[in-house]
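Chemist: Dropping the structure in here first, questions after.
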Amino acid sequence: MNPDYLNPVDDTVFAHAMLQSDQTLGYQIKIHSQQYGLPDLDGIRLAIVAVEEGRNSIDNEETGFGLGEIRKQLYQLFPGSWTSKIADLGTIPQGNTIEDTYFAVGELLSYLLKKNIIPIIIGGGQDITYANYRAYDSLEQTVNLVAVDNKFNFGAIQDGVTSQSYLSAIVMNKPNNLFNFSNIGYQTFFNPQEEIDLVNALFFDAYRLGEVTKNIELVEPVLRDADIVSIDISAIRNSEAPANNNATPNGFYGEDLCVIARYAGISDKVSSFGIYEYNPKYDNKTQTAQLIAQAIWYFIEGVNCRANDYPFGTIEKYQKFIVPVEEDVLNFYKSNKSGRWWIEINFKNNNKYKRHALIPCTYQDYLNANEQEIPERWYKTMKKVI
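In terms of my numbering, the numbers along the sequence shown are unbroken and rise by one, the last being 453.
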């Protein structure tokens, strides 16, 4: 890991942490400080990285600064009964060009991923998601991206990589390692119909805000299948998280964000997690910084509660349920350890997609299959690999 990519945590933030109870996270996290330098990563499970980059954040350019306030709020929280060790590696400063920043982010995250350390990224613009995605190139595997956002952010390919067009860059630029994209919480009136149609044409998954808030458990299988989770704080309603120039009246509540973060944490597959678009200029009594800190807390809590099901367990240890549906036979698997469900995808001899051979589903999907209703996620996955 190149230490030149990282600045230490600000001395005032570090000093604030040391003034808290010695039982708080500030004392449990190994912090990159001016005094002690970069922490040793041996045994570290999660690593916090802040990114001071907002130049490509549309209408929210001041994002990327004042991230120390999130750290202050996080450090003063008390940990749960956790065994995972955490480090705060400090902050990636703005590069001379935005491409320099993306390069530093990609190199650092790639290093962490290869060491099986889960990065927790505090941004900065959501365009940093593109640099996060590119970090997986060196792993030579296809990945699933889940974005919690009120927009799809396709934008126009000629716009390059911005907070409102990064998804087009992910879909169009090579190497193309994206297997699936899922959006959680989009609001129809913020998205052109052509983008909604494109999501359907690409067999991606999208869940409207009202659909999710009515039954938030709906997104657990979606997050269980993710490698990258990217959260735009503007997906949270303005009254709950005002620190974003694009915040709007409708969106998720704060507790919804924490539930989503915990679902992401308990996923055995999620290997990077980022929260973006925090703009301290608009925060009210550190309300948004507190919420982001609490969401990070819930993500860490989830990681410490992982059941190590698929892809770590073998399907021979699961209960298998065979359901004939129309001309197909669907194989469902239930974990004896967690009670969670998966459905099998037959890729035949296509090893490129082997790690997606089981996709998460719900017990309701199994019941629906028994009524001859094919699960939509199974159908979309099959369409992508035919």
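Beta carbons: idealized from backbone N, C-alpha and C, even for Gly.
Just so it is clear, the structure is predicted and the values come from calculations on it, not from any experiment.
(1) Give me, in chain order, the residues of the same chain whose beta-carbon lies closer than 8 Å to that of Ala236; leave out the 5 immediate sequence neighbours on both sides.
(2) From the DSSP output, in three-state form, read off Lys241 for me.
(3) If you draw a straight line from the C-alpha of Ala154 to the C-alpha of Glu120, how long is it?
(4) In the DSSP assignment, find the unbroken beta strand (DSSP E) run with Arg444 in it and report its ends.
(5) Could you tell me how far apart the beta carbons of Ile300 and Ala293 are, in whole angstroms, since I believe they sit closer than 8 Å?
(6) If you run the structure through DSSP and keep just helix, strand and coil, what is Thr209?
(7) Evaluate contact between the stretch 353-360 and the stretch 303-322, counting only Cβ atoms and requiring at least three cross-stretch pairs below 8 Å.
(8) Could you please give the first and the last residue of the uninterrupted alpha helix (DSSP H) stretch that includes Val370?
(9) Starting from Lys281, trace the alpha helix (DSSP H) in both directions and tell me its first and last residue.
(10) Which residues does DSSP pair with Gly222 in a beta bridge?
(11) Roughly how many angstroms separate the alpha carbons of Asn410 and Glu443, rounded to a whole number?
(12) Might you give, ordered along the chain, the residues of its own chain that have their beta carbon closer than 6 Å to the beta carbon of Pro160, omitting 5 neighbours on each side?
(13) Note down, in chain order, each residue of its chain lying with its Cβ closer than 6 Å to the Cβ of Ser249, except the 5 sequence neighbours on either side.
(14) Taking the alpha-carbon of Phe257 as reference, which of Arg275, Leu245 and Lys241 has the nearest alpha-carbon?
(15) Ends of the beta strand (DSSP E) at Asp395?
(16) Give me the Cβ distance between Gly222 and Gln143, rounded to the nearest whole Å; I'm assuming they're in contact under 8 Å.
(17) Ordered along the chain, which non-local residues of its own chain (more than five positions away) have a Cβ less than 6 Å from that of Asp194?
(18) Considering only DSSP beta bridges, list what Tyr253 is partnered with.
(19) Assign Leu70 to one of three DSSP states: helix, strand, or coil.
(20) Secondary structure at Thr158, three-state DSSP: helix, strand or coil?
(21) Provide the residue(s) that pair with Phe388 in DSSP beta bridges, ordered along the chain.
(22) Nearest-angstrom Cα distance between Pro70 and Leu105?
(23) Can you tell which of Ala268, Lys152, Ser148 and Thr79 has its C-alpha closest to the C-alpha of Asp107?
(24) Taking the alpha carbon of Gln90 as the reference point, which residue from Asp78, Phe145, Leu141 and Ile96 has its own alpha carbon closest?
(25) What separation, rounded to the nearest whole angstrom, lies between the Cα atoms of Ile96 and Leu113?
(26) For the beta strand (DSSP E) holding Gly341, just list the boundary residues, first then last.
(27) Whose C-beta lies closer than 7 Å to the C-beta of Val279 among residues of the same chain, with five residues either side of it excluded?
(28) So Asp299 is in the beta strand (DSSP E); what residue range does that whole segment cover?
(29) Look up Val289 in the DSSP assignment and say whether it is helix, strand or coil.
(30) Does DSSP classify Ala314 as helix, strand or coil?
(31) As a quick exercise: from Ile283, Thr429 and Glu368, pick the residue whose alpha carbon is nearest that of Gly406.
(32) Are Phe399 and Phe388 touching if we call contact CB-CB under 9 Å?
(33) Can you say whether Phe81 is buried or exposed, counting buried as having 16 or more other CB atoms within 10 angstroms of its CB?
(34) Rounded to a whole number of angstroms, what is the C-alpha to C-alpha distance between Ile189 and Glu394?
(35) Can you list, in chain order, the residues of its chain with a C-beta nearer than 6 Å to that of Leu179? Leave out the 5 residues immediately preceding and following it.
(36) With Ser402 and Asp376 assumed to form a contact (beta carbons below 8 Å), what rounded beta-carbon distance in angstroms separates them?
Modeler: Quick look at the numbers:
(1) Here the set comprises Tyr197, Ile224, Gly227 and Val228.
(2) Of the three classes helix, strand and coil, the one that applies to Lys241 here is coil, per DSSP.
(3) C-alpha of Ala154 to C-alpha of Glu120: approximately 21 Å in a straight line.
(4) Run containing Arg444: none in the beta strand (DSSP E); it sits in the alpha helix (DSSP H), Glu443 to Val452.
(5) Not quite, the Cβ-Cβ distance comes to about 18 Å (not below 8 Å), so this is no contact.
(6) If DSSP states are grouped into helix, strand and coil, Thr209 belongs with coil.
(7) Touching, yes, given that three or more Cβ pairs across the two stretches are closer than 8 Å.
(8) Secondary structure note for Val370: its alpha helix (DSSP H) is the uninterrupted segment Gln354 to Asn371.
(9) Where Lys281 is concerned, the enclosing alpha helix (DSSP H) stretches over Leu276 to Lys281.
(10) Per DSSP, Gly222 has no beta-bridge partner at all.
(11) The sequence as given places Ile at residue 410; Asn does not occur at that position. Approximately 11 Å, taken between the alpha carbons.
(12) Asn74 and Glu119.
(13) The answer, listed in chain order, is Val213, Asp272 and Val289.
(14) Relative to the Cα of Phe257, the nearest Cα in the group Arg275, Leu245 and Lys241 belongs to Arg275.
(15) Asp395 -> beta strand (DSSP E) spans Asp395 to Lys401.
(16) Contact between Gly222 and Gln143 does not hold, since the beta-carbon distance rounds to 38 Å and is not under 8 Å.
(17) Only Asn123, Val228, Thr229, Ser230 and Tyr233 meet the Cβ criterion.
(18) BP columns for Tyr253 point to Arg275.
(19) Residue identity check: residue 70 is Pro in the sequence provided, not Leu. Assigned with DSSP and collapsed to three states, Pro70 falls in helix.
(20) Here DSSP, grouped into helix, strand and coil, assigns Thr158 to strand.
(21) According to DSSP, Phe388 shares a beta bridge with Phe399.
(22) Distance between the alpha carbons of Pro70 and Leu105 is about 8 Å.
(23) Ranking the options by Cα distance to Asp107, first place goes to Lys152.
(24) Taking only the C-alpha atoms, the option nearest Gln90 is Phe145.
(25) So the alpha carbons of these two residues sit roughly 10 Å apart.
(26) That run of the beta strand (DSSP E) goes Ser339 to Tyr343.
(27) Only Ile251, Gly252, Leu285 and Val286 meet the Cβ criterion.
(28) Here the beta strand (DSSP E) through Asp299 covers Ile295 to Asp299.
(29) It is helical.
(30) Coil.
(31) That would be Thr429, whose Cα lies nearest to the Cα of Gly406.
(32) Going by C-beta atoms, Phe399 is nearer than 9 Å to Phe388.
(33) Phe81 comes out buried.
(34) Rounded to the nearest whole angstrom, the CA to CA distance from Ile189 to Glu394 is 47 Å.
(35) Cβ neighbours of Leu179 beyond the five flanking positions: Ala114 and Pro186.
(36) Indeed they touch by this definition, with Cβ atoms about 5 Å apart.
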